[in-house]
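So the sequence shown is numbered by this note's numbering: it starts at 189 and just counts up by one.
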Amino acid sequence: MCGIIGYVGTKDAYPVLIDGLKRLEYRGYDSSGVGIIPEGSQKSLVLRKTHGKIANLQDLVKSKPIPIGHTGVSHTRWATHGAPNQVNAHPHSNNDGTITLVHNGIIENYEVLKERLKKKGHKFKSDTDTEVIVHLISDYYKGDLKAAVQRAIKELHGAFALGVICTDHPDLLVAARIGSPLIIGLGKNENFIASDVPAILQHTKRVIYLKDGEMAALTKDGVEVFKFDGRKVRPKVDRVTFTVDAVAKAGYAHFMLKEIHEQPAALRQMLNFRTQNNKVHLEGLGLSEKQIQSLKQIVVIACGTAYHAGMVGKYIIESLARVPVTVDAASEFRYRDPIIGRNTVILAISQSGETADTLAAVREARARGAKIVSICNVIGSSLARESDGILYTHAGPEIGVASTKAYTAQLNMLYLLAVKLGQSRKVIKSKQAADLLRDLKKVPRLYEQVLKDKAAIARVARKNSHWGCFLFLGRNVNYPTALEGALKLKEISYIPAEGYAAGEMKHGPIALIDEYRAVICVATQSDTYDKMISNIQEINSRKGNIIAVATAGDRSIKKHVHHVIYVPKTNNLLTPLLAVLPLQLIAYYIAVKRGCDVDQPRNLAKSVTVE
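Next comes the structure, spelled out in structure tokens:
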């Protein structure tokens with residue numbers, strides 16, 4: 189959940205670190221800090237740490253400047269152990285201030301280690317699990333930093349990505365990872381570590397994705413990678429394809445708004461690349477035609493927004509490919525005893541490919557003999573490496589914490605996967621597949637139509653920004669759309685919001701409806717439209733304030749609701765792609781109206797890399 193960047197080179201380290209840290213702030217922003225080995229000194233490290241966002245750290249450094257140094261580490265935190273304050277902020281150091289480190293992850297056995305180290309005379313300042321690591325390294329340090337780190341990490345239970353520096357070795361940065369992401373950036377007379385590519389993109393596009401159980405020793409002149417047991421590794425060097433501009437706001441007020449507007453291009457690019465002559469081409473799927481034909485079950489595992497995408501996937505895969513699909517929250521899957529047969533495929537969905545619960549569920553499924561296929565946005569992620577087949581969405585970097593374009597890209601891929609499975613299993617007619625793909629290719633243009641009318645959606649949002657509670661209702665394939673709309677609103681506006689299947693309203697949620705609450709109904713044209721209108725009339729009877737998302741041309745719905753937002757007509761099965769767009773915009777404009785931090789909502793982080 190936290191963001192790490194480390195630097196060793198010839199430049200002044202602080203400007204490099206603080207710039208990279210700002211590009212990682214979406215990973216956590218409870219507190220931040222920086223540690224530098226000053227130029228010409230091997231006596232002590234210089235640390236600056238503060239509570240709150242990175243702007244606070246910059247203000248602190250202005251009042252207490254950091255001397256020039258060419259090696260350093262920096263960190264932005266999402267708290268797991270210990271309150272978000274200055275004392276618990278990273279970096280953490282040993283008692284004599286000669287070794288410092290930054291850490292992303294959770295150490296499960298830190299209390300046992302802490303008690304042992306206390307008995308040996310180590311003094312602790314913070315409540316974090318991280319401080320235990322630096323004291324453990326210090327305990328093993330006999331002049332060789334790599335060896336000390338190597339010995340210490342063998343005693344750690346849990347997940348970690350580490351960056352460690354020492355005043356005795358002012359030109360050395362040691363890194364290690366297991367269970368938490370860490371990349372190495374390769375520069376000229378300089379090298380970097382970071383939690384994610386955007387932190388170092390303006391310096392280099394050549395990266396090494398450090399694998400689980402690997403360490404690295406970085407100097408300005410080179411990088412050495414080796415296993416925890418000391419065996420050297422010849423790492424693969426990848427080249428990042430996206431640009432610095434791709435991770436900039438490009439004139440938009442927020443990353444979230446920019447990413448909402450990027451959805452048509454992302455969908456269009458995927459469709460152009462993945463379809464040809466009414467056929468779907470899913471290179472990387474990792475399933476033979478024979479395996480597809482013998483499929484007995486698909487189990488989707490995902491978290492949060494990706495879980496909602498998986499729920500839509502259940503409807504469309506069962507409809508088009510006639511394969512039974514179950515959808516599991518990844519955090520629950522691994523703690524039950526799932527029935528996984530020889531012809532079961534696990535479909536894991538994650539934007540980052542680093543979601544801890546999803547990775548743990550994948551490993552559990554693999555241990556039971558399942559085949560793993562993943563839908564992911566980040567090339568080279570841990571999930572990609574753990575999978576037999578990988579379907580990249582190539583939606584580009586998503587910086588806003590509330591997912592938008594990653595969600596619709598996941599939906600788009602699920603539609604393509606459903607058609608592919610249906611074609612391979614010969615259960616979808618050629619005309620049906622051709623019609624669906626034709627309609628799918630129209631969706632990016634329909635998105636652009638909705639976005640042209642975003643001012644009208646903004647007016648509806650502002651008029652309804654004062655409500656203290658929202659209920660989102662949908663039916664059939666748009667039940668997950670209601671869940672996603674509720675999640676978006678609560679994530680960034682902090683308004684309590686619940687999503688329900690509309691048919692379940694009478695089984696509890698109707699008790700909440702009165703003149704002080706708003707209800708958003710996804711009421712696009714479908715086989716369940718009349719049922720949805722009946723639900724709307726029931727809400728009206730209880731004086732609920734209704735906003736409807738409806739199909740263009742549906743004039744009759746106006747008499748039943750307070751506000752209508754129209755989306756263009758499309759194939760009924762594709763309506764989740766269109767109906768979610770106004771819900772994203774409603775959440776965005778309500779949050780802006782209420783003065784919330786849209787891109788960095790409280791208590792959240794973009795990539796949930798801890799369990």
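Backbone N, C-alpha and C fix where the C-beta goes; we use that ideal spot for every residue, glycine too.
Check, Outcome
"May I ask you to report which of helix, strand or coil DSSP gives Phe380?", "strand"
"Under 6 Å Cβ to Cβ from Ala740, same chain only, skipping five residues before and after it: list those, please.", "Tyr754, Pro756 and Lys757"
"By the 10 Å Cβ neighbour count, where 16 or more other Cβ atoms means buried, how is Glu586 classified, buried or exposed?", "buried"
"Where does Asp207 sit, in a helix, a strand or coil, going by DSSP?", "helix"
"Within a Cβ cutoff of 7 Å, which residues of the same chain sit near Phe443, ignoring the five residues on either side of it in sequence?", "Lys437, Ile587, Gly588 and Asp787"
"Grab the span of the beta strand (DSSP E) containing Asn292 for me, first residue to last.", "Ile287 to Ile295"
"From Thr318, Asn728, Asn664 and Ile680, pick the residue whose C-alpha is nearest to that of Ser507; which is it?", "Asn664"
"Less than 8 Å between the CB atoms is what I'm expecting for Thr238 and Ser219, so what's the real figure, rounded?", "7 Å"
"How would you call Arg626, buried or exposed, if buried means at least 16 neighbouring beta carbons within 10 angstroms?", "exposed"
"Quick check: the Cα distance between Val707 and Ile206, rounded to an integer number of angstroms?", "43 Å"
"Are there 16 or more other CB atoms within 10 angstroms of the CB of Gly439, so buried, or fewer, so exposed?", "exposed"
"Helix, strand or coil for Thr581? Go by DSSP, reduced to three states.", "coil"
"Who does Cys354 pair with in a DSSP beta bridge?", "Ile287 and His357"
"Just to confirm before moving on: does the CB-CB distance between Thr318 and Leu289 stay below 9 Å?", "yes"
"In the region 639 to 711, which residue ranges form an unbroken alpha helix (DSSP H) of at least 4 residues, counting only runs that do not cross its ends?", "642 to 651 and 667 to 681"
"Taking only three categories from DSSP, how would you classify Leu483?", "coil"
"Spatial neighbours of Met458 within its chain, please: C-beta separation below 6 Å, excluding the five flanking residues on both sides.", "Asn600"
"With DSSP as the reference, label Arg475 as helix, strand or coil.", "Here residue 475 is Leu; the residue named in the question, Arg, does not match the sequence. In this structure, Leu475 counts as coil in the three-state DSSP scheme."
"Do Gly401 and Ala347 have their C-beta atoms closer together than 9 Å?", "no"
"Quick check: the Cα distance between Ile254 and Gly228, rounded to an integer number of angstroms?", "14 Å"
"Going by DSSP in three states, Pro512 sits in which element: helix, strand or coil?", "coil"
"For Ile778, collect the residues of the same chain with a Cβ closer than 6 Å to its Cβ; drop the 5 residues on either side in sequence, then sort them by chain order.", "Ala649, Ser653 and Ser681"
"Ignore the nearest five residues each way along the sequence and tell me which others in Ile567's own chain have a CB closer than 7 Å to its CB.", "Tyr580"
"Rounded to the nearest angstrom, what separates Val222 and Gly260 at their Cα positions?", "7 Å"
"Under 9 Å, do Asp349 and Ile325 count as touching if we go by C-beta distance?", "Residue identity differs from the one stated: residue 349 is Ala in this sequence, not Asp. Cβ atoms of Ala349 and Ile325: not closer than 9 Å."
"Could you tell me the alpha carbon to alpha carbon distance between Leu483 and Asn282, rounded to whole angstroms?", "55 Å"
"Here's the rule I'm using: 16 or more other beta-carbon atoms within 10 Å means buried, otherwise exposed. How should Gln338 be labelled?", "buried"
"Would you say Thr592 and Lys676 are within 9 Å of each other, going by their C-beta atoms?", "yes"
"Considering only C-alpha positions, which residue in the set Lys694, Asn723, Lys199 and Ala621 is nearest to Lys408?", "Lys199"
"Give me the Cα-Cα distance between Lys467 and Ile563, rounded to the nearest whole angstrom.", "19 Å"
"Find the nearest neighbour of Ile366 within the set His291, Lys478 and Ala517, judged by alpha-carbon distance.", "His291"
"Taking only runs that begin and end inside the region 703 to 774, name each unbroken alpha helix (DSSP H) of 4 or more residues, in chain order.", "717 to 729"
"Can you check which of these residues, Val413, Leu245 and Ile560, is closest to Val487 by C-alpha distance?", "Ile560"
"Determine the DSSP secondary structure at Gly221, reduced to helix, strand or coil.", "strand"
"Suppose the cutoff is 6 Å on Cβ atoms and the five residues either side in sequence are ignored; what does the same chain contact list for Ala689 look like?", "Tyr667"
"Give the secondary structure of Gly568 by DSSP, where H, G and I count as helix, E and B as strand, and everything else as coil.", "coil"
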